[in-house]
Amino acid sequence: MSAAVTAPPCHSRASPLNPNSRTTPSSASKPSSVSTTRRHLANLDRLLVKPPPLPLPLQPRRPAPTEVPGDGESTPDDRSGRGGLLNALNLSTLLPFTRKPAVDEMSPRSLAYMQSLLTLSPRLSPKGSIAGEWRRYHGEGGWEGLLDPLDQNLRRELLRYGDFVQAAYTAFHSMPAAADAASHGQHRTLVLPDRSYRPTRSLFASSSLSIPPWARRRSAPQWLTQRTSFVGYVAVCDNEREVRRMGRRDIAIVLRGTATCPEWAENLRAGLVPLTADDDAPKVAKGFLSLYRTPGDQVPSLSAAIVEEVKRLVEVYKGEELSITIVGHSLGASLALLAADELSACLGLAADTDGGTTGYRPPPIAVVSFGGPKTGNRAFAERLQRERGVNVLRVVNAGDVVTRVPAPIAREGYVHAGGAELRLHSRDSPCLRPDAGPACCHDLEAYLHLLDGFTGSGRPFRPDASRSVARLLAYQRPNVKRAYVERARVLGFEPASPRTATANGAGAADGQYGYLASPT
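Throughout the sequence shown, residue numbering follows our numbering, covering 12 to 531 in sequence.
Written out as structure tokens, the structure reads:
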């Protein structure tokens with residue numbers, strides 16, 4: 012039985028949500044009253060009478076709450092059920108002065124295409140050939156003229172690399188305690204969102220610290236305190252059609268962010284230490300260097316694994332045009348810089364040895380950093396850019412506090428690696444609350460959502476942005492505007508709660524995603 016929808020009263024100006032209206036509104040204005048918002052929602056109901064088909068089964072609908080929290084009120088965080096403090100970290104609840112005045116309003120255009128966003132099916136932008144300018148898209152020239160306004164081909168490349176990091180999070184949370192598999196030559200099962208790339212090696216990072224038995228909680232999963240954990244993978248583009256489109260064969264090194272207690276402990280070791288025994292050598296954070304160089308009980312160090320695998324792939328595809336792209340989020344962004352510094356030195360040494368006879372040139376190296384903290388001192392940043400020739404692109408959310416640590420007042424000498432910066436703002440999103448907490452501002456999916464809609468500084472959110480908001484609703488629901496949450500419930504979309512997922516991935520069949528948002 013279908014419920015009758017009462018048509019809104021007639022107006023002198025056509026509603027932007029009315030499909031029968033032929034007049035174009037002169038300007039889009041934000042709802043300024045309750046009646047205006049109700050009128051927009053009523054028009055949306057008429058347009059979206061039939062719920063959207065979802066690619067995965069819906070979860071049983073929970074009864075609607077009797078009271079909807081106001082824009083400035085706190086809402087329960089669904090992520091707090093698993094992972095304890097790591098997943099529930101939202102500093103705005105501890106530091107109320109960091110919260111901004113909340114505004115919960117939506118433009119008519121946002122309501123009109125919201126239904127199409129409540130799906131997990133990908134809607135990728137058309138792929139344009141970048142073969143003739145691939146070095147420019149890989150950072151040669153510092154991405155000049157490509158960032159503001161953002162080039163659509165570069166946007167697609169960055170979103171793909173961001174989804175690769177999401178796949179690393181997925182793989183870790185599906186089987187977090189499987190570090191011993193690598194010691195027996197077993198490759199981690201990885202499903203990449205872009206099948207043009209093939210994973211070739213799993214990567215593991217080991218901490219030099221260990222959690223003492225007295226500090227471990229019996230209810231906490233074992234992987235939360237393990238010293239060695241899956242941190243990423245190496246992949247290579249082996250689709251010949253994609254190789255021709257990109258103009259080269261790309262080797263991708265993908266690194267996730269902080270997930271375990273030893274990794275958190277290493278993050279706090281912010282003292283600067285030299286990369287070599289020479290006291291005048293560039294310096295980096297002690298904890299990052301420990302995770303990068305410490306070998307595990309059954310696996311080599313992250314440093315050794317990356318260098319060994321990249322050298323093998325460069326030899327396999329010798330004679331082809333190659334590129335190396337290292338991408339990371341949060342902690343992974345700092346590890347990516349350390350890997351780029353070492354790889355450029357190793358491959359450059361090979362070029363000096365063979366260049367006189369074979370004309371070998373090392374592949375160019377680029378680093379794409381999502382929400383990365385400061386990694387080392389100025390000497391490290393200058394060597395990375397000038398001596399090593401590494402191209403660094405930092406994707407930064409203006410509200411992300413992680414990108415500003417360590418603070419200069421606390422740790423002297425830290426600077427960001429030189430290169431280009433792409434600055435995003437959560438307030439530009441039509442569906443994120445302007446008072447979104449620090450945890451949301453640092454979340455990788457929020458980064459990719461903002462990147463998909465970014466067109467340029469001072470410009471509105473891209474009107475044809477079509478990245479699904481399902482993950483935002485599942486893992487950042489308290490930071491999504493109320494109208495999106497309520498309309499998603501009316502349309503029958505009820506994303507799985509992270510509580511349905513388990514540490515070993517057993518809950519993946521019950522939930523819609525089978526992975527957790529980044530614990531950072």
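Ideal Cβ placement from N, Cα and C applies to all residues, glycine included.
Fair warning: this is a prediction, and the values are worked out from it, not measured in the lab.
Contact check for Gly464 against Ala476 passes: the beta carbons are separated by less than 7 Å. His340 is bridged by DSSP to Phe381. Going by beta carbons, Arg259 and Ser380 fall outside the 7 Å limit.
Inter-segment contact for the stretch 247 to 256 and the stretch 343 to 351 is absent: fewer than three beta-carbon pairs are separated by less than 8 Å. In the structure shown, Gly359 falls within a helical segment according to DSSP collapsed to helix, strand and coil. In this chain, the beta strand (DSSP E) harbouring Leu435 covers 431 to 435. Contact check for Leu201 and Tyr172: beta-carbon distance about 15 Å, past the 8 Å limit, so the pair fails to qualify. Relative to Ala315, the option among Glu168, Tyr458, Phe215, Val338 whose CA is nearest is Phe215. If you draw a straight line from the Cα of Glu274 to the Cα of Ser301, it is about 10 Å long. In the three-state reduction of the DSSP assignment, Arg209 falls in the strand class. Rounded to whole angstroms, Thr336 and Ala418 show a C-alpha spacing of 28 Å. A direct Cα-to-Cα measurement between Val406 and Glu497 gives close to 31 Å. Secondary structure of Leu346 (DSSP, three-state): helix. With distances taken between CA atoms, Cys272 lies nearest to Ser219 out of Asp290, Glu319, Val295, Ser219. The beta carbon of Tyr328 sits closer than 8 Å to the beta carbons of Val247, Arg260 from its chain, once the five residues preceding and following it are set aside; these are given in chain order.
Residues Gly382, Cys452, His453 of the same chain have their beta carbon placed closer than 6 Å to that of Asp411, with the five preceding and five following residues left out of the count. In the three-state scheme derived from DSSP, where H, G and I count as helix and E and B as strand, Ser479 is classed as coil.
The way I'd put it, the stretch 427 to 444 does touch the stretch 476 to 493; three or more beta-carbon pairs between them come closer than 8 Å. The Cβ-Cβ distance between Trp234 and Ala188 falls below 7 Å.
Ser213 and Phe241 have their C-alpha atoms some 7 Å from each other. Just so you know, the alpha carbons of Ala263 and Pro384 end up roughly 21 Å apart.
Per the coordinates, the alpha-carbon of Leu360 lies some 15 Å from the alpha-carbon of Glu319. Its Cα nearest to that of Val325, the residue Leu354 stands out among Leu354, Gly150, Glu393.
In the three-state DSSP reduction, Asn164 falls in the helix class (H, G or I). DSSP places Thr239 within a strand segment (E or B) once states are collapsed to three. Under DSSP, Asn388 takes part in a beta bridge, and its partners are Tyr425. At a Cβ-Cβ threshold of 7 Å, Thr236 and Ile222 count as neighbours. Taking all protein chains shown into account, Thr287 has fewer than 16 neighbouring C-beta atoms within 10 Å of its C-beta and is therefore exposed.
With contacts defined as CB atoms closer than 7 Å, Gly268 and Leu170 fail to qualify as a contacting pair.
Less than 7 Å divides the Cβ of Phe175 from the Cβ of Val265. Taking the CA atoms as reference points, Phe472 sits about 39 Å from Lys297.
Burial state of Val501 is exposed, judged by a 10 Å Cβ sphere holding fewer than 16 other Cβ atoms. Lys294 has Pro285 as its beta-bridge partners, per DSSP. Excluding its 5 nearest sequence neighbours in each direction, Glu168 has C-beta neighbours in its own chain below 7 Å: Tyr148, listed in chain order.
In this structure, Leu395 places its C-beta atom within 7 Å of the C-beta atom of Ala428. Annotation for Ile317: the continuous alpha helix (DSSP H) segment containing it runs 313 to 327.
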